[in-house]
Every structure is written in structure tokens, then in C-alpha cells.
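Q:
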Amino acid sequence: MLFLKTKIFTAARYYAVTLGIGLCVLIGSTLAYAQTAPTQTPTGGTIPPFQSTFKKSVTPSGPVSPGTTLNYRITITKPEKPAYAATIGLTDTLPAALTLLPETIQATSGTEKVSINGETLTWQGHITPTQQITITYRAQVSNGAPEGALVNSATLYEIHHDSVPTPTTRIVTSTASVMVKTHWAAYLPLIQKPPLDPLPQFDNGDFEKGPGHGWAEKPGKLIYSITESPLAMPAGSQWYAWLGGTPGETNTLTQIITLPAGYTHIQLQFHYWIASQETDCTKDKAEVWINNDLLHTPELKLCGNTNPDKLPTGWRTELVDLTKYVGQPIIVSFRSILDATNNSNFLIDNVELCSNDSHQPDPKHTCP
Ligand SMILES: [Ca+2]
Ligand SMILES: [Ca+2]
Numbered sequence: 043m044l045f046l047k048t049k050i051f052t053a054a055r056y057y058a059v060t061l062g063i064g065l066c067v068l069i070g071s072t073l074a075y076a077q078t079a080p081t082q083t084p085t086g087g088t089i090p091p092f093q094s095t096f097k098k099s100v101t102p103s104g105p106v107s108p109g110t111t112l113n114y115r116i117t118i119t120k121p122e123k124p125a126y127a128a129t130i131g132l133t134d135t136l137p138a139a140l141t142l143l144p145e146t147i148q149a150t151s152g153t154e155k156v157s158i159n160g161e162t163l164t165w166q167g168h169i170t171p172t173q174q175i176t177i178t179y180r181a182q183v184s185n186g187a188p189e190g191a192l193v194n195s196a197t198l199y200e201i202h203h204d205s206v207p208t209p210t211t212r213i214v215t216s217t218a219s220v221m222v223k224t225h226w227a228a229y230l231p232l233i234q235k236p237p238l239d240p241l242p243q244f245d246n247g248d249f250e251k252g253p254g255h256g257w258a259e260k261p262g263k264l265i266y267s268i269t270e271s272p273l274a275m276p277a278g279s280q281w282y283a284w285l286g287g288t289p290g291e292t293n294t295l296t297q298i299i300t301l302p303a304g305y306t307h308i309q310l311q312f313h314y315w316i317a318s319q320e321t322d323c324t325k326d327k328a329e330v331w332i333n334n335d336l337l338h339t340p341e342l343k344l345c346g347n348t349n350p351d352k353l354p355t356g357w358r359t360e361l362v363d364l365t366k367y368v369g370q371p372i373i374v375s376f377r378s379i380l381d382a383t384n385n386s387n388f389l390i391d392n393v394e395l396c397s398n399d400s401h402q403p404d405p406k407h408t409c410p
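Just so we're aligned, residue 43 is where the sequence shown starts under this note's numbering, counting upward by one.
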């Protein structure tokens with residue numbers, strides 16, 4: 043013991059100071075030793091064995107408010123190689139906004155060498171190959187702490203190497219930081235709309251299955267093929283619904299469909315072609331009904347011709363707002379009412395539901 047202290051005593055000034063106080067132990071003042079802090083920080087590099095095994099951390103790691111108690115943890119792990127056994131020391135000075143709680147300091151080794159000088163914690167101990175030493179303590183963020191990062195570094199240095207007469211002056215440091223936030227904003231939780239169910243579509247909405255599928259046709263067959271009555275058709279279409287064509291008759295084409303809940307916008311979309319001998323638009327009627335509601339469709343006049351000049355531009359697109367029926371099953375009816383003179387034709391194709399809701403899952407059914 044005396045031999046080692048003599049070696050230290052004859053080393054550099056810093057170590058001489060340490061030893062000088064250390065000698066007090068021999069005189070019987072353990073307390074004096076324990077409260078010893080290095081009078082200067084060694085410089086010059088790292089203690090090689092601890093370059094990557096000297097760790098410091100703080101929890102909670104996220105932004106904290108004044109008054110929060112922080113938990114600091116320092117670990118010193120000696121890797122298996124190179125062989126190293128020495129008395130080492132550590133200092134850790136807390137920033138002004140932190141108050142060290144002395145009663146919380148714990149060390150798995152060298153406990154008797156932990157000391158406090160103001161907000162500086164000092165520890166000394168002996169480490170042997172493969173040993174790990176853990177030092178923990180708590181500190182409280184002062185109530186007047188400003189916003190910003192609280193950063194503090196622990197410094198590890200060698201006091202006495204078991205085998206080498208002169209201790210290295212190299213050090214290794216490890217830093218922990220935590221953000222202090224003094225103003226907290228309240229945020230509403232992010233509420234995400236649930237995905238919408240896909241829009242259902244009419245059975246045989248394009249009539250390509252021919253008559254007797256999907257639709258109730260009254261008083262009889264209303265779905266025709268272009269082979270029965272040649273027409274210029276929308277792209278890909280061979281079949282269509284033909285209402286009217288018989289003066290004095292009322293035709294209805296009906297199907298029930300349920301509009302899914304959650305939508306804020308749904309429309310009924312269809313192509314139509316009107317070809318009529320009527321010049322008085324009040325005599326024959328083309329109508330769209332939802333349940334018992336006659337919808338307002340000012341464009342849909344059963345008179346004249348939507349294509350007086352040439353085919354196939356006689357097909358037009360009509361959109362009818364169904365938003366008020368969202369979440370309900372509805373009865374969709376197309377109707378033609380013809381008086382006894384001057385024939386009228388109300389041709390329909392591609393009946394579908396569409397929506398402009400931004401999160402409706404099928405872009406194919408976005409309304410034009
Ligand atoms: Ca068709
Ligand atoms: Ca008529």
C-alpha cells in the first residue's frame with residue numbers, strides 16, 4: 043500500500059494532490075479521502091479499455107418539465123481484452139438547472155469513494171478484468187430551469203494502474219442530455235376517418251347481362267340489344283334500357299340498392315338518350331324516383347332529341363344527388379310516362395353510384 047502511494051506521490055502534480063489526500067486514509071481519515079475530488083481534469087486522450095464501454099444515460103429521455111426527477115445511470119465495463127486492472131476515478135458535474143439528490147447515489151463498487159462537492163459527483167474505485175461497475179443517481183430539474191438541453195458529461199480517468207508505475211493522463215467521457223420544456227401545448231388527438239366501404243354497384247347496371255337481370259322491368263321487357271334496335275352505343279356497350287317507344291304507356295325500371303354509411307357524397311350517374319317527337323315538353327315525362335321522391339332533374343325533358351344531328355353523341359350523362367339517403371337502402375326507379383300521341387324514347391345505359399369523397403376506395407367510381 044505504501045509502495046503504491048509512493049509511486050503516485052512521485053507522479054504528475056494532479057496525482058500528487060490525489061495521493062496527498064489519499065494519504066489521509068493511512069492516518070485514519072477515511073471521510074477525508076471519500077470527499078476528495080480531483081483538482082484538475084486529466085487530458086490527453088482516452089483510457090483505451092473504456093473507449094466504447096463507458097456509458098451514461100438519463101431517463102426520461104424525452105422533453106421534461108421543471109420539477110421532474112431525472113435518473114442517471116453510468117456504467118463502466120471492462121472488456122475481457124486487453125488485460126487491465128487499475129484504480130480509476132470519475133467526475134460528473136451537473137448543470138446549474140439540476141439539483142443532485144445525494145441520498146440517491148449508488149455504486150456497485152467503490153461505494154465508499156463516492157463524494158459530492160456542490161453539484162459535482164466524484165467516484166473512485168478499482169476495476170478488474172471483465173468487471174462492470176454501475177453508478178446511479180437522481181437529480182431534479184429546478185423549477186426555474188430555462189427551456190433547452192441539460193447536458194452533462196462524466197469523465198473517467200486513471201488514478202493508479204496495478205502494473206504500470208505511472209498512470210496514464212488519458213481520459214474518456216460520456217455525455218447524457220435531456221430537453222427541458224417549460225410550455226406545453228395541448229393537442230387534440232389525431233382522429234383518422236375509418237376507411238369507407240366500397241360503393242356498391244347496381245346488378246346489371248350496364249345492362250350487358252340482358253333483360254331479366256338485376257332490374258324490375260315494367261310492364262315488360264325494357265332491356266334491349268343493339269342487334270334488336272341498332273344504335274350508336276357508349277364504348278363497350280351492347281345492351282341498354284329502352285323506356286318509352288309506345289305512346290300511352292308508362293314504363294318503370296327499378297332496383298333496390300343500399301348506400302353505405304360514412305359517405306358525405308354519393309350520386310347516381312347514368313347515360314341517357316332522349317329521342318322524341320314531342321315539341322311540348324310537358325306532355326311526355328322522363329323521371330328518376332328514389333323511394334317515393336321524384337327527384338328534380340331539369341335536364342331530363344322527354345321532348346326533342348339529345349342528338350338531333352348525328353350519332354353517337356346523343357348519349358349524355360346525368361348526375362343525381364343521393365347524399366341524403368346515405369346509409370339507407372333505396373328504391374331507384376327510372377320512369378317514362380307517355381301520352382297517347384307523339385312517341386318519345388328514354389334510353390338509359392351505365393347506371394352506377396359515384397362519389398367525390400376523397401377517401402372513397404375506388405377511384406373508378408369518382409363522379410365526373
Ligand atoms: Ca350497356
Ligand atoms: Ca307523347
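For glycine and all other residues, C-beta sits at the position ideal for the given N, C-alpha and C.
Taking 7 Å as the line, does the beta carbon of Ser-378 fall inside it for any heavy atom of ligand 2?
A: One-based indexing of the sequence shown puts residue 378 at position 336. No; taking the cut-off as 7 Å, the Cβ of Ser-378 has no heavy atom of ligand 2 nearer than that.
Q: Pull up the DSSP beta-bridge partners for Asp-134, would you.
A: Within the sequence shown, the letter at position 92 stands for residue 134. Asp-134 pairs with Leu-163 and Ala-196.
Q: Rounded to whole angstroms, what's the CA-CA distance from Trp-284 to Met-275? Just pull it up for me.
A: Mapped onto the sequence shown, residue 284 falls at position 242. Mapped onto the sequence shown, residue 275 falls at position 233. Going from the Cα of Trp-284 to the Cα of Met-275 covers about 13 Å.
Q: What does Val-156 pair with, by DSSP beta-bridge criteria?
A: Here residue 156 corresponds to residue number 114 of the sequence shown, with the count starting at 1. None; Val-156 has no bridge partner.
Q: If you pair each beta-carbon of the region 181 to 192 with each one of the region 109 to 116, do three or more pairs fall below 8 Å?
A: The answer is yes - the region 109 to 116 touches the region 181 to 192, with three or more Cβ pairs under 8 Å.
Q: Can you determine whether any heavy atom of ligand 1 sits closer than 7 Å to the C-beta of Asp-14, and answer yes or no?
A: Outside the displayed span of the chain (43 to 410) sits residue 14, for which this structure offers no information.
Q: Excluding sequence positions up to five away, which residues of its chain have a Cβ less than 6 Å from the Cβ of Tyr-179?
A: To locate residue 179, count along the sequence shown from 1; it is residue 137. The answer, listed in chain order, is Tyr-114, Thr-146 and Ile-147.
Q: For Lys-98, count neighbouring Cβ atoms within 10 angstroms of its own Cβ and tell me buried if that reaches 16, exposed if not.
A: Numbered from its first residue, the sequence shown carries residue 98 at position 56. When all chains shown are included, Lys-98 counts as buried.
Q: Return yes when the Cβ of Trp-315 is within less than 8 Å of the Cβ of Ser-375, no when it is not.
A: Stepping through the sequence shown from its first residue, residue 375 is reached at position 333. Stepping through the sequence shown from its first residue, residue 315 is reached at position 273. No.
Q: In this structure, how does DSSP classify Tyr-266 when only helix, strand and coil are distinguished?
A: On the sequence shown, residue 266 is found 224 positions in, with the first residue counted as 1. If DSSP states are grouped into helix, strand and coil, Tyr-266 belongs with the strands.
Q: Expressed to the nearest angstrom, what Euclidean distance is found between the alpha-carbon atoms of Pro-405 and Cys-396?
A: Indexing the sequence shown from 1 puts residue 405 at position 363. Indexing the sequence shown from 1 puts residue 396 at position 354. Taking the straight line from one Cα to the other gives about 9 Å.
Q: In the DSSP output, which residue or residues are listed as bridge partners for Ser-99?
A: On the sequence shown, residue 99 is found 57 positions in, with the first residue counted as 1. Paired residues: Arg-115.
Q: Per the DSSP calculation, Gly-286 is bridged to which residue(s)?
A: Sequence index remark: in the sequence shown, residue 286 carries index 244 (1-based). Answer is Asn-387, bridged to Gly-286.
Q: Under a Cβ-count criterion, where at least 16 other Cβ atoms within 10 Å of its own Cβ denotes burial, should Gly-400 be classed as buried or exposed?
A: Residue mapping note: residue 400 aligns to position 358 of the sequence shown, counting from 1. The sequence given here places Ser at residue 400; Gly does not occur at that position. Burial call: exposed.
Q: Report yes if the C-beta of Tyr-266 is less than 7 Å from at least one heavy atom of ligand 1; otherwise report no.
A: If you number the sequence shown from 1, residue 266 lands on position 224. Outside the cutoff, so no.
Q: On the criterion of 16 or more Cβ atoms from any shown chain inside 10 Å, does Lys-263 qualify as buried, or is it exposed?
A: Here residue 263 corresponds to residue number 221 of the sequence shown, with the count starting at 1. Lys-263 is exposed by the Cβ-count criterion.
Q: Taking 8 Å as the cut-off, decide whether the C-beta atoms of Phe-92 and Leu-198 are in contact.
A: Taking the sequence shown and counting its residues from 1, one reaches residue 92 at position 50. Taking the sequence shown and counting its residues from 1, one reaches residue 198 at position 156. Contact: yes.
Q: Can you give me the start and stop residues for the beta strand (DSSP E) that Ile-147 sits inside?
A: Within the sequence shown, residue 147 is the residue found at index 105, counting from 1. Element bounds for Ile-147: 140 to 149.
Q: If you follow the beta strand (DSSP E) that Tyr-179 is in, where does it begin and where does it stop?
A: The residue given as residue 179 occupies position 137 in the sequence shown. Per DSSP, Tyr-179 belongs to the beta strand (DSSP E) from 174 to 183.
Q: If you measure between the beta carbons of Ala-382 and Pro-289, is that distance less than 8 Å?
A: Indexing the sequence shown from 1 puts residue 382 at position 340. Indexing the sequence shown from 1 puts residue 289 at position 247. Yes, Cβ-Cβ distance for Ala-382 and Pro-289 is below 8 Å.
Q: Looking at C-beta atoms only, is the number of pairs between the region 217 to 227 and the region 161 to 174 that lie closer than 8 Å three or more?
A: The region 217 to 227 vs the region 161 to 174: no contact.
Q: In its own chain, which residues sit with a C-beta less than 6 Å from the C-beta of Val-156, not counting the 5 before and 5 after it?
A: Within the sequence shown, residue 156 is the residue found at index 114, counting from 1. For Val-156, where only same-chain residues beyond five positions count, the Cβ hits under 6 Å are Ile-147, Ala-149 and Trp-165.
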